[in-house]
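A.B. asks: Quick note on our numbering: the sequence shown kicks off at 364 and runs consecutively. Quick reminder that beta carbons are idealized off the backbone N, C-alpha and C, glycines included. One structure coming up, written as structure tokens, with questions to follow.
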Amino acid sequence: MKDNAMETPVKRFLTLALTALLGCIAQTALAENADRPVADTADTTEVLDTSFVSTRAAEKQISGLMSGNLSLDMSKLSTLPKFFGTNDIMKTLQLMPGIQTSGELDSGIYIRGGDAGHSAIMLDGATVYNPAHLMGFFSIFNSDHLKSSTLYKSDIPAKYGGRLGGVVDISVKDELLDRVEGDVNVGLLSSQATLGIPIGKKSAMYLSGRASYFNYMLSGIARVMNGAAAPDYFFQDWNITWAFRPDERNSVRINGYYGGDRMAFSQRTYQADAGLRWHNAAASVTWDSKTGEKTDMEHSLHFSMFDNHVQIAQGGASFGLPSSIMDAGYRGTLEFLLPLGKMKAGWDYVYHHTEVQHPATDNLYGFSAGNPPAPYHTHEFGAYADWSVNFAAAFTLNAGLRYSGCVQSGLHGTTPFYGGPEPRLSLSYEISPTMRMQAAYALQRQYMGQVSVSGMGLPTDFWVPASARIRPQSAHSTSLGFFHSFGNGMFEYGIEAYYKRLSGLLEFDGALFDMINMAYNVEDHLMSGTGNNYGIELMFKKNYGKVSGWLSYTLGRAERSFPGIMDGKTFPSKHDRRHNLSLAVTWNPHRRWDLSAVFIYASGTAFTMPTALYMVGENMIHEYGPHNGARMPDYHRLDLSATYLLHTGRRFKGSLNLSVYNAYARENPLYLDVKVYYDKETENISLSLIGQSLYSILPS
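And the structure:
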């Protein structure tokens, strides 16, 4: 069926869904609307002679829709839908328009059709290369340790570089405290705790930890592993933040994170043992200084590390695939007012130490290769400036320019210099105080590419820098949006169209068995191609009241073209999902109760369908259809959450939560298993695809 044939039923569905949602909340809205102030700011004050009239608007849990980007305040997310008993920031972001719904065992964040490696995840200025634990059920972030998060999809500030897609900028708690504060969350799958400690009057320290006991809950997975014992799986997360304010003009913040995953299982049939482990680390030191009445300065040192290792052993032989990346860098920014507008300028530098995925074999078919290839040493830098100005009463112009580049040194030799300008431009028109339009354009460059081996966003994917044979990636991005707020700020909706033209994309040729060869070179197995991402995003939001929530929908395409695949013909990206719909509703029937529900629907991802097989001698030969020409079954699930407030004392609060993940037990296939049937009478061989799911329903 063609796209234009789908648009009419989709449009009808959205119209019905919006009408139903408005109908459900109409009575509540009318009752509350009269008491709700117009302003979205936290405090407004008017001076009338000697009298002061103050009002305080209810603060939004998710704000920024009117600007085309979204901000989440972690202190106000307690009433939002919970995932396994906690407010997971990455799970909440995946419910936003333009963020593709990921399937099971896919922990990637896909923004506007881009690959997972095109998204920048920043924790207090440091890059996080793998933001999720196995199966994507948990992110690595302890929400109680976080302050806020901002999602940039369009109008991305020039200080963010090195990625083709959007940016998720996460900040940590840094408030000074009067007394010790703490949060503890105990669940069936994991537990976490956060402790805030005042240190004198000018500093405070925050400590957080989380650990899982997931391995006790994995017995149900053994049924899809062909007789294997249930895997042993464990993860942990540790955070520390020290905030120091020596005076009103200066603040210093030191933040650190470390987390790791370990998974091991045995296959009795083949007497094989396998293991998968990976680690994340991020650290930053930030100094903010107000050097004048109209000048602000920020300096930041940051460090990031990600490594993973797959290990398979059978008898006296073993095979491993290690890889790692480590960053160390600096970013400096100066913000000041001009006679006309505001300027923010700065520069940054990052050193990347990259060990690409390589074979580590011991007595495997007579091969032993323990010496890894020489690491890549990449130096990436950028200088940037953003200018923002209001003119002609209703127009706002944001003009940015970033110049970036990279060079490489070391045993791989000196590569050609890659770099160039990255202009950013955004123009918004305020039709009325509650209605605006915005158009944006950006040219983005990316010098570190992520290579997907598994196709499911597993931590086996690895990073590789631009080199003499691998050119950087680039993208031209445009967007046009319309945003409207009504009902005194109670309701908001936005419609935004986007188009992105990508070049220099990387694709792995799938020759995993060639890794056994001691002469294996990963650059021999990478293809370079182009892509197009385009679509329309819609979001409707009710901000206040006993019933609140949002409906988001994205109609999008992600197309790719590689000279070595289908003779350069266009095909869907493996993460292409035509339709993505998310509905999140929260209901507070009583001051002690928070009830919420999340429904997700997404089109199936693309894969290459086997169409036939035949025997040549004793060898079985497969034939395949068009590359990514088939679709997995559609993905959908319903999550339910109920929280009861046990105690509301001044110094202590307690609550009990029951969450049900996939409430109606939809068995969304993790993969399709190819079954071969042989008819002895006709001597015909036929193929059948059977979906294999990971679970049916998960309570916590």
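(1) For residue 904, report the span of its beta strand (DSSP E) as first-last.
(2) Should residue 522 be labelled buried (16 or more other beta-carbon atoms within 10 Å of its own) or exposed?
(3) Checking the sheet assignment: what are the DSSP bridge partners for residue 746?
(4) What residue does the alpha helix (DSSP H) around residue 452 start on, and which one ends it?
(5) What are the complete beta strand (DSSP E) segments, minimum 3 residues, inside the region 520-562?
(6) Could you tell me which of 747, 685 and 768 sits nearest to residue 736, measuring between CA atoms?
(7) Terminal residues of the continuous beta strand (DSSP E) containing residue 813?
(8) What residues match up with residue 717 in a beta bridge as DSSP calls it?
(9) Hey, how far is the Cα of residue 892 from the Cα of residue 481?
(10) Would you mind reading off the limits of the beta strand (DSSP E) that contains residue 660?
(11) Determine the direct distance from the alpha carbon of residue 924 to that of residue 991, and round the result to whole angstroms.
(12) Please determine, among 441, 559, 718 and 520, the residue with the shortest C-alpha to C-alpha distance to residue 532.
(13) Please classify residue 492 as buried or exposed, where buried requires at least 16 neighbouring CB atoms within 10 angstroms.
(14) Taking the alpha-carbon positions, what's the residue 563 to residue 537 distance?
(15) Flag this pair as yes or no: are the beta carbons of residue 721 and residue 771 separated by less than 8 Å?
(16) Provide the residue span of the beta strand (DSSP E) that contains residue 785, from first to last.
(17) Find the nearest neighbour of residue 672 within the set 655, 653 and 640, judged by alpha-carbon distance.
(18) Using only alpha-carbon positions, find the residue among 815, 746 and 796 that is nearest to residue 782.
(19) Helix, strand or coil, according to DSSP, for residue 1008 in the structure here?
(20) Assuming contact is defined by CB atoms lying nearer than 8 Å, are residue 699 and residue 657 in contact in what I supplied?
(21) Could you check which residue in 1023, 1010 and 995 has the C-alpha nearest to that of residue 1053?
(22) Using the Cα positions of residue 648 and residue 655, report the straight-line distance between them to the nearest angstrom.
(23) Starting from residue 1038 and walking both ways along the beta strand (DSSP E), at which residues does that stretch end?
(24) Alpha carbons only, please: which of 808, 853, 859 and 665 is nearest the one belonging to residue 912?
(25) What are the boundary residues of the beta strand (DSSP E) that residue 643 is part of?
(26) Per DSSP, residue 830 is paired with what?
(27) Pull the bridge partners of residue 1017 from the DSSP assignment, please.
(28) Give the secondary structure of residue 626 by DSSP, where H, G and I count as helix, E and B as strand, and everything else as coil.
C.D. replies: In short, the structure shows the following:
(1) Numbered from 1 along the sequence shown, position 541 holds the residue referred to as residue 904. Start and end: 889-905.
(2) Numbered from 1 along the sequence shown, position 159 holds the residue referred to as residue 522. Classification of residue 522: buried, given that the 10 Å Cβ count is 16 or more.
(3) For the purposes of this step, residue 746 is taken as residue 383 along the sequence shown, with counting starting at 1. Residue 746 pairs with 710 and 766.
(4) Here residue 452 refers to the residue found at position 89 of the sequence shown. Per DSSP, residue 452 belongs to the alpha helix (DSSP H) from 452-456.
(5) 530-535, 544-549 and 553-562
(6) Along the sequence shown, one-based indexing puts residue 736 at 373. Residue 685 is the option with its Cα nearest to residue 736.
(7) Numbered from its first residue, the sequence shown carries residue 813 at position 450. Looking at the DSSP string, the run of the beta strand (DSSP E) that includes residue 813 is 811-814.
(8) Position 354 of the sequence shown, counted from the first residue, corresponds to residue 717. DSSP, once it has assigned bridges, lists 688 and 739 as partnering residue 717.
(9) Your numbering for residue 892 matches position 529 in the sequence shown. Your numbering for residue 481 matches position 118 in the sequence shown. Roughly 15 Å between the two C-alpha positions.
(10) Working through the sequence shown from its first residue, we reach residue 660 at position 297. Residues 658-677.
(11) Here residue 991 refers to the residue found at position 628 when the sequence shown is read from its first residue. Here residue 924 refers to the residue found at position 561 when the sequence shown is read from its first residue. Cα to Cα, the separation comes out at about 12 Å.
(12) Position 169 of the sequence shown, counted from the first residue, corresponds to residue 532. Ranking 441, 559, 718 and 520 by Cα distance to residue 532 puts 520 first.
(13) Residue mapping note: residue 492 aligns to position 129 of the sequence shown, counting from 1. Burial call: buried.
(14) One-based indexing of the sequence shown puts residue 563 at position 200. One-based indexing of the sequence shown puts residue 537 at position 174. Going from the Cα of residue 563 to the Cα of residue 537 covers about 14 Å.
(15) Position 358 of the sequence shown holds residue 721. Position 408 of the sequence shown holds residue 771. Cβ distance not < 8 Å, so residue 721 and residue 771 don't count as in contact.
(16) One-based indexing of the sequence shown puts residue 785 at position 422. 781-795 is the span of the beta strand (DSSP E), which, as asked, contains residue 785.
(17) Residue mapping note: residue 672 aligns to position 309 of the sequence shown, counting from 1. Nearest option by C-alpha distance: 640.
(18) Position 419 of the sequence shown, counted from the start, is the residue given in the question as residue 782. When each option's Cα is compared against that of residue 782, the closest is 746.
(19) The residue given as residue 1008 occupies position 645 in the sequence shown. Three-state DSSP puts residue 1008 in a strand.
(20) Here residue 699 refers to the residue found at position 336 when the sequence shown is read from its first residue. Here residue 657 refers to the residue found at position 294 when the sequence shown is read from its first residue. In this structure, residue 657 lies closer than 8 Å to residue 699 by Cβ.
(21) Walking along the sequence shown from the start, residue 1053 turns up at place 690. For the residues 1023, 1010 and 995, the minimum Cα distance to residue 1053 belongs to 995.
(22) Stepping through the sequence shown from its first residue, residue 648 is reached at position 285. Stepping through the sequence shown from its first residue, residue 655 is reached at position 292. The straight-line gap from Cα to Cα measures roughly 22 Å.
(23) Here residue 1038 refers to the residue found at position 675 when the sequence shown is read from its first residue. From DSSP, the beta strand (DSSP E) with residue 1038 extends over 1032-1042.
(24) What you label residue 912 is simply residue 549 of the sequence shown in a count that begins at 1. Residue 853 is the option with its Cα nearest to residue 912.
(25) Looking up residue 643 in the sequence shown gives position 280. First-last of the beta strand (DSSP E) with residue 643: 635-655.
(26) By one-based count along the sequence shown, residue 830 stands at place 467. None, per the DSSP bridge assignment.
(27) By one-based count along the sequence shown, residue 1017 stands at place 654. Note: residue 1017 sits in a beta bridge opposite 1010.
(28) Indexing the sequence shown from 1 puts residue 626 at position 263. Note: residue 626 maps to strand in three-state DSSP.
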